[in-house]
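**Q**
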Amino acid sequence: MSEQAHKTHRVSKTDKKGKGKAKAAGGFNERAFAPRSGIRADRQGRRKAEKDQTRLHVPQVDRTPDDVPPPVTIAVVGPPGVGKTTLVKSLVKRFTKHTLSEVKGPITVVSGKKRRLTFIECNNDLNSMIDVAKIADLVLLMIDGSFGFEMETFEFLNILQTHGFPKVIGVLTHLDLIKKVQTQRDTKKTLKKRFWTEIYQGAKLFYLSGVLNGRYPDTEIQNLCRFISVMKFRPLVFRNTHPYMLADRLEDLTPREQARLDPKCDRTVTLYGYLRGTNLRESAVVHIPGAGDFALKSVNLLADPCPLPTVESERRRKLSEKHKLIHAPMSDVGGITYDKDAVYINVPGSFSRRPDEEDGDNIMQGEGEQMVMDLQDVTSSLADGISRSHIQLLGTSSAPLQVDPDDSEGEEDGDSGSASGSQSEDDDAGSDDEDLSDVEADQEATGDRGRTSMRLHARAARGQSSHDAKQRADVEYADSDSDLGDDDGGGMLRDDNESELDLDDEEASDQDDDDGGDVPHWKRNLRDKASEAFERQHKRRKRDWMKLIYRSTLTPEQIVRGETEQEARIEDDDEDELFKFKSKDQMGTDEVLDQTKEPLSKEALAEWDDEEMLDSIRHLFITGGDTAQGDEAEWDGAEAGDDVEMEDAPEQTEADKRAAALAKKKELKRKFDEQYDDPEEAGKQDFYDEKKDEMARQLQLNRAEVEGMDPEARALVEGFRAGSYVRLELENVPCELVTNFDPTYPLIVGGLLPAEERFGFVQARIKKHRWQTRILKTNDPLILSVGWRRFQTVPIYSLDDHSIRMRMLKYTPEHMHCYATFYAPVSLPNTGFCAFNSLGSDSSAFRVAATGVILDVDRSTKIVKKIKLTGVPMKIFKNTAFVRDMFSSALEVAKFEGATIKTVSGIRGQIKKALPKPDGAFRATFEDKLLMSDIIFLRAWYSVEPRKFYNPVTSLLLSDKSAWTGMRLTGQVRREQGVKTPLNVNSTYKAIDRAPRKFNSLKVPKTLQAALPYASKPKVMKPQHRQTYMQKRAVVLEPEEKKAITLLQQMRALRKDQAVRRKEKQDERRAANKKKADKIEGAKDEKDKEKRKEHMRLAGIKRKREETGRAGGSGSSKRRKSSGGES
Amino acid sequence: MSAPRPTVLKYSGHEHLRTRLAMSLLSGKPLRVDNIRPDDKNPGLRDYEASLLRLLEKLSNGTVIEISYTGTAFLLKPGVLNGGRVEHDCATSRAVGYYLEPILMLAPFCKKPLELTLRGVTSDALDLSVDTIRTVSLPHLQLFGVSDGLEFKIKKRGAPPLGGGEVQLFCPVVKQVTSLNFVDPGRIKRIRGIAHAVRVSPQFSSRMIDAARGLLNRYVPDLYLYSDVYKGDESGKSPGYGLTLLAESTTGALYGAEALSEPGLPPEDVAQNAARALLSDVRAGGCIDRAHQSMVLVLMVLGSEDIARARMGPLSPRAIQTLRDIRDFWGTSFKVVPVDGDDGDGQLLLSCFGVGFLNSNRTLA
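From first to last, the protein sequence lines stand for chains A and B.
Sequential numbering from 1 applies to the first sequence in UniProt numbering.
Sequential numbering from 1 applies to the second sequence in UniProt numbering.
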């Protein structure tokens, strides 16, 4: 053994460590990557092209704002007892060092400098699963490794698929329960395989081993966290076109007294949360899945309770501890819990203020505790604050608001003041009378106390900006109004300066050239000629158009004429309605026509008589200057030359001019290049990159356009952006939503497009799910999940019949798509949906009944079903017959004149005219003579329309959320009420005894027969009565022949006998064998039975364990599907 | 059982009716208009308004129009815009331009491509003439990506009072209109014109062309004025003539102006009026023709959820009211700021955030 020589070490010829690397760094070695042969080059080229193609997908605009994106919604989904809560707790602990005691409602945490996450746990109710599938950006799909996939998991995946398929990460738990290593490995493998077929090949699947200290192992969670924090998301079409919000909490604003007097009264509620998707407009209509449609009463921007770190802190690489915030209003975080009608602050032990507060301490303090601390901190009362501010209650009042020192409402003031500062997202509810001075005072208070918590500072500041902007604006407008009253011109100027949105510099320049001094020469000439109208036009330039258009009561004509509100008010005092055009004195005049073309006024056109006037617009034509773009510069030059004084001139230094000229030159060069350069080179970008660039440009433009606008005006123009924390106020909400509120069920506010409020007949392409055992029947109620909505409706299934008609189907085809038409709210074409027979958890079967996509929306349908009208001949002429029993009146016949009819035997005909006697009889012609026994059919199409039945699934309004039942099938109702199906005697099947029909023989007249060609002649021959030769010949056998035949007969007889005996023997053997086999089978059965028993016993134990683990959870029974996980 | 009824938008008076009708049909919000000429000697809806309502009913499926007994109020419950082949005889009290203006806003959002045939007066003193519709309105619609298959044919001309004209509009269906970004008005590079004369001497049109040339020749050499004379059956039932002018800038901005024959007005004066009106429009500036401001504003709002920008000359009262109505229907306000710079005298920059209106009527079946 010891002699065995080891292989000597061979020094590598290519030095990988030193030289090689240095060389590679020196430059790109082309030869290293060049293909060695032509075939290889070809292969490489093809591979590259393929890779390029896989990279391509339809370019989509990502409307998520870059600066403050909304938190990423992460839903934790899985069967009960799989460890969802543990996972959420572990993740939250990992991100914020916070130990949650309970997981209720959404939990938002800051996970990085640019990312926040909202965790939401989805319970096992199908309604919750549907809602969560619609909002989740990432799904952590939890699978019990010791058990395998369950039915709910597959159902959830199907729901996900139809609603856009967000990202899914699988999490396998309970692997520690499998003791044997090999089994564990096999289980992992089979589960992974199944998971991959469901999601895609290579989908990420995490394995979590046992639980330590009520959490999953830190390293495993850390891995998962890393994955989550770097995950990229592709916008989903539906969410990219709809605004939505996952409500953090719900608050009932209904006056207590009203609710007490009438507990069932409709409530006013507010919902808080981060906006997601597209921008939400204030006038939007929203749908709360499980509750219904509501119009937004108001939307308020609130301070972000969980803000991203600000710029200065971003210099650091890591997120500092104090920015690792958490916001979970319903989960009892930091000793504060929000209920639907109360806020509970949990203060541990004593809470005396520590004089030496440090950052760390303060952060570790709970939110609630801090709140109470802040209450103690108020150094100044509301009265103080007001006395320091200069708020005027009315525009005309000269003195600012003052408060008597000995005001009896001192208590209340202090209350509201402190509340506003410390807890700004809550204060709108509590103290609506809060004002600017309040926050100022409070800020001061917080400032000099040195409370260094970043978060509170940010909140206070933001709270002020969002909330008081309105207030400020109001005050200012009032201000300017009063000024307008004093002096006209001056007032307008001031008005502009104050309430202009972002035009300060433009404004300044406008004012500069407005006071006549620096108006160009030619312009002054014009002004001399132009009369009042021109003056007005100038005046108009300085006006705040947004205010005039949107916030004044002036009529459009008045705005155009350049009147101010003041003037208008003088004109007609009693006018206070926006659309009141006609006053009494205008009665006599001509009516105002609704016309686009403005009548040509002679006077206005007369100004063009003047040559100078005609020349004055020369610069607007290409012939007016030398260059296409340089007209402004040139014009400026002309002005400078003509004018004596030019105020702008000194400001424009030489350098500026040169820079401007350079820029212009560049622009020109670019244009020239664009026109004359090689088009190939210019159009090098492919379609995909081009589109991407275009989108980026548009997004850039979007940002630039609204930048610098004040939040109020911005909200008017673009609505409330995704990522902002808002408070939505809803009215007329059913009281059950509040009384039966359960934070473990997600509350989603989905914005609706204008079209989606309407109803119509929606046509969809539908396919029964392949796991659904029964086909679907027309006019059976079906629960659909389309868009945000879940509702029950009654579809009619149909198929396109030769592109001529939509023909109704009684049942959906087994394995084919068909059309479904139902009455429902409009959804945009191409929206996916899934359908269910019931949402309850009472059946163990697969609940997704069908999936499909919306195709069309209309107000009427064109589905038909076949109907056959039958009639019988009343009287028969040659080819004409009178038919009765098909119609009941002459009118009906008239409607069908000309229709084709047919007998059962196939004789075709046509309806001609109604007969006077009996009602509904008609004359018809046929291609041949009928028999009295013929039955005549009229094949027609009867149009069917779906029932206008729409029943939203109002599961959130129930106390037991999974107990919603919609319309039931007749059979179901009968079964539940124990009613027997009524039986119509005429509908029962009976044996039909038909008398044999006797047909007369066909007789062709002799003359006709003679005329017929031979082939058509009836060839009737008499039966032969003489014997043929074959029959009558006599056969005489030779003796040896006879012998041979006899021998053959004997042999056959022997053979037969032998076969019979053999068969008997065989039967005997077979019986014996069977007996043996039966015995073995019986033993096997016995064994199987025992096995099953054992398995059921184990399952029972497991269930018991889960039930105890859930500790009074939803209480729904577990529905499982045996799968690969089970051995 | 069902969701709450959409809120009914209530307006008063007959003015600005067409934009409201169009927006109601687009947004699906029911519209109620009261006080339609309540104090007039002849109260209620006029024949042309009733005719327009009937046309909209033909154009859509499921639209319910309830007109009050006196005709001074009506309620429109909009249905689904259907499109397809539609024929309509317009009331001759207004030209077909009156009917076409709202139709142009609706046509791209129908279920099927629209093939609309309108019969009646083709040009009168009140409404945009068919030439303006063809040469100015359609290019404005093209700004929004509605171009493939957009066509307007003047089959017959018909002057007031009897009309007898026939026009055809073919409009494709789009999923969504593109966001407009049109802030550079450029400079006028060409002027075109169409002089039409029906049931009068064809000389009239050449006289108009000569007179207009006299005024416009000084500006651009690229000036072509066409004479469009219809004869026989195609010339309608009444005599009339007129001149439509349009100026096109280097960036594609269009300004249109027109003048029509009046009793006692020689063709030269008609041409002069048209040319001067065109010059007024050119002076007002902007990128959008003044008569098409409200149409452009509505289509801007319907774009994707991006900023749409357009520079316009001084707003017409119609446009201002349209801005207000847009806020009622779509909940969106425009940002309106004066254009800075010397050449932006009285011009405004209007920008809005589109509502992301998708054509829900479009069918995939």
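Quick reminder that beta carbons are idealized off the backbone N, C-alpha and C, glycines included.
Below 8 angstroms, how does it come out for the region 286-305 of chain B and the region 171-182 of chain B: are there three or more Cβ pairs, yes or no?
**A** Output reads yes: the region 171-182 of chain B touches the region 286-305 of chain B.
**Q** Following the continuous alpha helix (DSSP H) through residue 391(B), name the residue where it begins and the one where it ends.
**A** No answer is possible for residue 391(B): it lies beyond the span of chain B, which begins at 1 and ends at 365.
**Q** Nearest by alpha-carbon distance to Pro263(B): which of Pro43(B), Gln168(B), Gly242(B), Arg37(B) is it?
**A** Residue Gly242(B) is the option with its Cα nearest to Pro263(B).
**Q** Buried or exposed: Thr183(A), going by 16 or more other Cβ atoms within 10 Å of its Cβ?
**A** Classification of Thr183(A): exposed, given that the 10 Å Cβ count is below 16.
**Q** Interface residues of chain B around Asn223(A) at Cβ under 7 angstroms?
**A** Per Cβ cutoff of 7 angstroms: no residues; Asn223(A) is ~37 angstroms from chain B at best.
**Q** Taking the beta strand (DSSP E) that Ile178(A) belongs to, which residues open and close that run?
**A** Per DSSP, Ile178(A) belongs to no beta strand (DSSP E) and is neither H nor E.
**Q** Compare the beta carbon distance of Asn359(B) and Phe109(B) with 8 angstroms and say whether it is the shorter of the two.
**A** Yes, the Cβ-Cβ distance between Asn359(B) and Phe109(B) is below 8 angstroms.
**Q** Going along chain A in order, which residues have a C-beta closer than 7 angstroms to the C-beta of Ile326(B)?
**A** Under the 7 angstroms cutoff, chain A gives no residues; its nearest Cβ is about 10 angstroms from Ile326(B).
**Q** With 8 angstroms set as the bound, which would you pick, yes or no: does the beta-carbon of Glu814(A) sit closer than that to a beta-carbon of chain B?
**A** With 8 angstroms as the cut-off, Glu814(A) does not count as an interface residue toward chain B.
**Q** Within the 8 angstroms Cβ cut-off, does Cys352(B) reach chain A?
**A** Yes, Cys352(B) lies at the interface with chain A (some Cβ there is under 8 angstroms from its Cβ).
**Q** Per the contact definition of three or more C-beta pairs closer than 8 angstroms, is the region 205-214 of chain B in contact with the region 90-106 of chain B?
**A** Verdict: no, contact absent.
**Q** Indicate the three-state DSSP secondary structure (helix, strand or coil) for Phe170(B) in the structure shown.
**A** Here Phe170(B) sits in strand by DSSP.
**Q** Is it the case that the Cβ atoms of Val80(B) and Asp858(A) are separated by a distance below 8 angstroms?
**A** Yes, the Cβ-Cβ distance between Val80(B) and Asp858(A) is below 8 angstroms.
**Q** Just to confirm before moving on: does the CB-CB distance between Leu891(A) and Gln763(A) stay below 8 angstroms?
**A** For Leu891(A) and Gln763(A), no; Cβs fall outside 8 angstroms.
**Q** Which residues mark the beginning and the end of the beta strand (DSSP E) in which Leu205(A) is found?
**A** Run containing Leu205(A): 205-207, per the beta strand (DSSP E) assignment.
**Q** Give the secondary structure of Ala295(A) by DSSP, where H, G and I count as helix, E and B as strand, and everything else as coil.
**A** Of the three classes helix, strand and coil, the one that applies to Ala295(A) here is strand, per DSSP.
**Q** Starting from Gly83(B), find everything on chain A with Cβ-Cβ shorter than 7 angstroms and list it in chain order.
**A** Going along chain A, no residue has its Cβ under 7 angstroms from Gly83(B), so there is no contact; the nearest lies around 12 angstroms.
**Q** Between which two residues does the beta strand (DSSP E) carrying Cys352(B) extend?
**A** Run containing Cys352(B): 348-353, per the beta strand (DSSP E) assignment.
**Q** Among the candidates Ser905(A), Phe887(A), Arg234(A), Ser943(A), whose CA atom is the shortest distance from the CA of Arg923(A)?
**A** Checking every option, the nearest Cα to that of Arg923(A) belongs to Phe887(A).
**Q** Which partner residues does His619(A) have in the DSSP bridge list?
**A** Its beta-bridge partners do not exist; DSSP assigns none.
**Q** Comparing alpha-carbon positions, which option in Thr108(A), Thr880(A), Asn1000(A) lies nearest Ile907(A)?
**A** It is Thr880(A).
**Q** In angstroms with no decimal places, state the Cα-to-Cα distance between Lys1003(A) and Lys1022(A).
**A** If I take the Cα positions, the gap works out to 15 angstroms.
**Q** With a cut-off of 8 angstroms, does the C-beta of Ser803(A) fall near any C-beta of chain B?
**A** No, its Cβ sits nowhere closer than 8 angstroms to a Cβ of chain B.
**Q** Going along chain A, which residues have a C-beta under 7 angstroms from Glu14(B)?
**A** The question names Glu, yet the displayed sequence has His at residue 14(B). Under the 7 angstroms cutoff, chain A gives Asp594.
**Q** Please check if any C-beta of chain A sits within less than 8 angstroms of the C-beta of Ser93(B).
**A** Judged by the 8 angstroms Cβ criterion, Ser93(B) is not in contact with chain A.
**Q** Any idea what DSSP makes of Met208(B), helix, strand or coil?
**A** Three-state DSSP puts Met208(B) in a helix.
**Q** Are the Cβ atoms of Leu59(B) and Leu106(B) separated by less than 8 angstroms?
**A** In this structure, Leu106(B) lies closer than 8 angstroms to Leu59(B) by Cβ.
**Q** Would you say Glu434(A) lies against chain B (beta-carbon separation less than 8 angstroms)?
**A** Confidence is the limiting factor: at Glu434(A) the pLDDT is only 39, short of 50, which leaves the residue's position unreliable, though a coordinate-based value still follows. It does not: the Cβ of Glu434(A) has no partner Cβ on chain B nearer than 8 angstroms.
**Q** Would Met546(A) count as contacting chain D if we go by Cβ distances under 8 angstroms?
**A** In the structure shown, chain D does not exist; the protein chains are A and B.
**Q** Quick one: what does DSSP say Asn359(B) is sitting in, helix, strand or coil?
**A** Of the three classes helix, strand and coil, the one that applies to Asn359(B) here is coil, per DSSP.
**Q** At what residue ranges does the region 747-809 of chain A contain a whole run of the beta strand (DSSP E), taking only runs of 3 or more?
**A** Those beta strand (DSSP E) runs which fall completely within the region 747-809 of chain A and span 3+ residues are 748-752, 759-768, 782-786, 789-793, 796-801, 805-809.
**Q** Please identify the residue among Phe329(B), Leu348(B), Gly331(B) whose C-alpha is closest to the C-alpha of Val337(B).
**A** Cα-wise, what sits closest to Val337(B) is Leu348(B).
**Q** Which residues, taken in chain order from the region 816-845 of chain A, show a beta carbon closer than 9 angstroms to some beta carbon of chain B?
**A** Those residues of the region 816-845 of chain A that come within reach of chain B (Cβ to Cβ, closer than 9 angstroms) are Tyr819, Pro825, Val826, Ser827, Leu828, Pro829, Asn830.
**Q** Would Arg765(A) pass as a contact of Tyr823(A) if the rule is Cβ separation under 8 angstroms?
**A** For Arg765(A) and Tyr823(A), no; Cβs fall outside 8 angstroms.
**Q** If I measure Cβ to Cβ from Phe233(A) and keep anything under 6 angstroms in the same chain, skipping five residues before and after, which residues do I get?
**A** Asp137.
**Q** Which of the three DSSP states is assigned to Pro160(B) in this structure?
**A** Residue state, collapsed to three classes: coil.
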